[in-house]
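**Q** Take a look at the following structure, please.
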């Protein structure tokens with residue numbers, strides 16, 4: 117039976133901040149983004165902004181991977197709780213509690229990881245990203261396709277997308293698509309369907325609360341097994357990389 121969930125961003129981050137960075141699919145999205153940045157940005161030093169940055173774990177990974185300073189990274193989020201935690205972790209002056217912040221300067225790379233599915237104003241988000249991206253800069257988007265499952269309702273998804281529709285929207289803005297693919301079949305697909313059965317039990321035992329040893333073992337095994345999805349261009353996960361002329 118479908119169950120309705122009321123999504124509150126501050127409450128969500130408070131409940132999941134300990135375990136969230138270790139979710140297998142979160143780690144794979146970071147892996148995809150880091151790999152795309154390494155491939156498509158040639159400069160040894162660049163600036164990166166994360167739209168919907170949450171507690172800043174993606175920005176922290178980017179900073180560590182490429183040796184960026186606090187001045188070179190930034191992000192925004194509508195959750196005050198998440199931004200406060202990001203500020204504690206990153207100490208960047210460009211971390212902003214706002215939906216469409218006015219930035220001091222454009223960025224070389226702007227990421228938007230698992231945000232578009234949370235709002236019907238997704239086109240406005242993409243337009244904001246385009247306008248705040250430097251010419252020649254790289255935009256990276258991850259989001260979801262297919263059916264909305266219990267785990268998706270829990271995190272406040274309002275819609276999922278067809279990859280060709282997102283490609284078309286980005287191309288109409290003037291972006292060049294560098295990479296666009298699906299990911300996650302069969303295991304991530306199965307995982308989503310399994311959340312429809314006793315989701316509240318899954319939420320309490322795995323998604324929320326302290327990162328226990330059991331959770332870490334389960335998450336780590338799933339992460340390594342899910343690498344096989346790189347070989348299969350199907351699944352509920354959308355990855356897109358685009359460049360601004």
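Residue numbers (my numbering): 117 to 361.
Don't be surprised by glycine CBs; every beta carbon is placed ideally from N, CA and C.
The beta strand (DSSP E) spanning residue 357 covers which residue range?
**A** For residue 357, the enclosing beta strand (DSSP E) has its first and last residue at 353 to 359.
**Q** If we count Cβ pairs, one from each stretch, closer than 8 Å, do we get three or more for the stretch 189 to 204 versus the stretch 124 to 134?
**A** yes
**Q** For the alpha helix (DSSP H) containing residue 332, list its first residue and its last residue.
**A** If you look at residue 332, you'll find it in the alpha helix (DSSP H) that goes 329 to 341.
**Q** Note down the Cα distance separating residue 240 from residue 187, rounded to an integer number of angstroms.
**A** 26 Å
**Q** Thinking C-beta only, is residue 123 closer than 8 Å to residue 235?
**A** no
**Q** Please list, in chain order, all residues of the same chain as residue 326 whose beta carbon is under 6 Å from its beta carbon, the five residues on each side excluded.
**A** 134
**Q** Shortest alpha-carbon distance to residue 216 belongs to which of 193, 299, 137 and 287?
**A** 193
**Q** Can you tell me where the alpha helix (DSSP H) with residue 299 in it begins and where it stops?
**A** Per DSSP, residue 299 belongs to no alpha helix (DSSP H); it is in the beta strand (DSSP E), 292 to 299.
**Q** Within 10 angstroms of its Cβ, does residue 207 collect 16 or more other Cβ (buried), or is it exposed?
**A** exposed
**Q** What number of angstroms, rounded off, separates the C-alpha of residue 421 from the C-alpha of residue 316?
**A** Here the chain has residues from 117 to 361 only, and residue 421 is not among them.
**Q** Using the Cα positions of residue 299 and residue 345, report the straight-line distance between them to the nearest angstrom.
**A** 6 Å
**Q** Near residue 273, what residues of its chain come up, given a Cβ to Cβ distance below 6 Å and the 5 sequence neighbours on each side ignored?
**A** 233 and 264
**Q** Nearest to residue 182 by alpha carbon, out of 342, 151, 211 and 205?
**A** 151
**Q** Can you look up residue 214 in the DSSP assignment and give me helix, strand or coil?
**A** coil
**Q** Does the stretch 283 to 299 come close enough to the stretch 343 to 361 that 3 or more CB-CB pairs lie under 8 Å?
**A** yes
**Q** Hey, could you find the ends of the alpha helix (DSSP H) residue 186 is sitting in?
**A** Annotation: residue 186 is outside any alpha helix (DSSP H) and is labelled neither H nor E by DSSP.
**Q** Return the first residue and the last residue of the beta strand (DSSP E) that residue 157 is part of.
**A** Looking at the DSSP string, residue 157 is not in any beta strand (DSSP E), and its letter there is neither H nor E.
**Q** Sort 336, 126, 242 and 246 by Cα distance to residue 138 and report the nearest one.
**A** If we check each option's Cα against that of residue 138, 336 comes out closest.
**Q** DSSP three-state call for residue 118: helix, strand or coil?
**A** Because the pLDDT of residue 118 is 49, which lies under 50, any placement of that residue in the model is unreliable, and the number read from its coordinates should be weighed accordingly. DSSP places residue 118 in coil when its eight states are reduced to three.
**Q** Are the Cβ atoms of residue 339 and residue 140 separated by less than 8 Å?
**A** yes
**Q** I'd like to check one pair, residue 279 with residue 255: are the Cβ atoms closer than 8 Å?
**A** no
**Q** Can you pull the DSSP bridge partners for residue 150?
**A** Answer is none; residue 150 lacks a bridge partner.
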